[in-house]
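Numbering (our numbering), first residue to last: 229 to 538.
All C-beta atoms, glycine included, are put in the ideal place defined by N, C-alpha and C.
This report concerns only the one structure given below.
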């Protein structure tokens, strides 16, 4: 608790060092935004919920945006009462049940109270793993007295900082390369109880950093901090070894699969890679499924527990 508070205080002090001129500019922009907000919303979101639209050319429908700069695809932030957000709550419930069972198998009583840590990946690029990771983190953080840490473990092309409109640095690569404390890379978000360690600078030695003793030590320290869940977004399984390497330090991995796109043999290969690395597969999330609700389409996210006989 103390380290988190100190880190957030340091971040605040750095922000206050910004010039008064910049602050004035930002304030004036906010005022300006208030006048053009309605017009801007109509420009960015021309679709009405009362009409039907194909999902081929759009990902999500949100009723409104704010000035946070958070990506509109983070539906659990903008519209927590939507059917899609409800699917994330179902996913959250199923995942918590699995993680509780894993905790129950720990012999050390003290460690059973530590944070649950898991990775999220996919077989290929563009299957929706990062959007899923952020939405799931938001959903978990919505529960009372639940603190969530989201780590961008994609040191090659991580985009979590852009989705949540925070700085990319300092981040995970900063900590690992410079041997800093994890608190250096901690960033607060607009969502209460959701914290992020972004990727930092893109690194050509991503695999070496993620499989390092330093990474293992950091995760062990984070388990003992005041977090309930720690989520690590990683690169695709068939592109790099990063996901398998970092998952060895966690409770398991969730594999995101894009419906009607990713072939069964591709998913099977990704599953085999995890099994070869002795990674525990917690389940699969099926994304981008066309689902029709009375007033509008949305992406339905389905979750399936992993069973070896399936």
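{"query": "Pair within 8 Å by beta-carbon distance, residue 304 and residue 515", "result": "no"}
{"query": "Residue 463 versus residue 501: straight-line alpha-carbon distance, rounded", "result": "14 Å"}
{"query": "Short Cβ contact (8 Å threshold) for residue 443 with residue 477", "result": "yes"}
{"query": "Stretch pair the stretch 350 to 364 + the stretch 482 to 496: three plus CB contacts closer than 8 Å", "result": "yes"}
{"query": "Straight-line gap, residue 545 to residue 309 (C-alpha atoms, nearest Å)", "result": "Residue 545 is absent from the model: the chain starts at 229 and stops at 538."}
{"query": "Expected contact under 8 Å - CB spacing of residue 364 and residue 459 to nearest Å", "result": "7 Å"}
{"query": "Member of 331, 434, 455 and 314 whose CA lies at the smallest distance from the CA of residue 374", "result": "455"}
{"query": "Span separating the alpha-carbon of residue 612 from that of residue 487", "result": "Because the chain here runs from 229 to 538, residue 612 falls outside it and cannot be looked at."}
{"query": "Test item: CB-CB of residue 412 and residue 403 under 8 Å", "result": "yes"}
{"query": "Residue of 473, 430, 517 and 395 minimising C-alpha distance to residue 347", "result": "473"}
{"query": "Burial state of residue 381, where buried means 16 or more other Cβ atoms lie within 10 Å", "result": "buried"}
{"query": "CB contact flag (residue 298, residue 441, <8 Å)", "result": "no"}
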